[in-house]
Amino acid sequence: KRGDLNLGTFVQVTEAFSSQFFFPREPVGESEKKQQKSSEPQSQDTPEKRYFQFLEILSDLRLDLKNFIVKSKDPIPPAVLQQIF
-2 KRGDLNLGTF VQVTEAFSSQ FFFPREPVGE SEKKQQKSSE PQSQDTPEKR YFQFLEILSD
58 LRLDLKNFIV KSKDPIPPAV LQQIF
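In terms of the numbering used here, the sequence shown opens at residue -2 and continues consecutively.
Structure, rendered in structure tokens:
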């Protein structure tokens, strides 16, 4: 068991994770400058490889979220579930 994680924390972690893949829209010149400055090893991967890595990790997050909902001791309000799905 990975430990108890409340829904708010899970959503924050998921948003922080997804922000690594989805960059805010900027003028083209600025984003090109930032890409040149970044020294992340992932930037050397092809876009297709990064995309499939993202899909794989996203699938794992969905499974974790499903398990969290199923194993939750307290019922999760429908309004919260609607925001998630």
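Built from N, CA and C at the ideal position, the CB exists for glycine as well.
Assignment of D57 by DSSP, reduced to helix, strand and coil, places it in the helix class. The alpha-carbon of P74 is positioned some 15 Å away from that of K63. Judged by DSSP in its simplified three-state form, S15 adopts helix. Per the coordinates, the alpha-carbon of A76 lies some 16 Å from the alpha-carbon of F65.
Taking C-alpha positions only, K46 is separated from T6 by approximately 28 Å. The Cβ-Cβ distance between T11 and L58 falls below 8 Å.
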